[in-house]
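In terms of the working numbering, the sequence shown opens at residue 2 and continues consecutively. So the structure is just underneath, and the comments pick up after that.
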Amino acid sequence: MPNQRQHPRTPMRCRIKISHPDVGDLYGFTRDLSDGGVFVENPDLTCLQPGTEVRGQVQDMPIEAPVLAMMVQRAIPGEGIGLAFIDAEEDAED
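This is how it looks when you write it as structure tokens:
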């Protein structure tokens, strides 16, 4: 099966907070990152269905990181979720 990804992935591990009303604030670790999204390792996040919008914020930075809107693209049971970044500029134009 050919790789259909638009953006190459870069392995990156950092702590991240994911927020959603159904799960509250959950913390996990990024596994990889691309221009289009991030995979977050935390099995408790897999209850979120594809298409669900969440907020994410990298933790433990020297300054407070921005809170980003993201959408669940896929869930891998026992591992975590793949999230796509939502373009705030695109949303503002709609």
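In this text, a Cβ means the ideal position worked out from N, Cα and C, and glycines have one as well. Just so you know, these numbers come straight off a predicted model, no measurement behind them.
Asked, Found
"Residue from T53, P67, V68 and E65 with nearest C-alpha to G83", "T53"
"CA-to-CA distance, V59 to C15, given in whole angstroms", "7 angstroms"
"DSSP-derived helix/strand/coil call for T53", "coil"
"Proximity to L69 [Cα-Cα], best of P9, P12, H21 and M13", "H21"
"Bridge-paired residues (DSSP) for P12", "D33"
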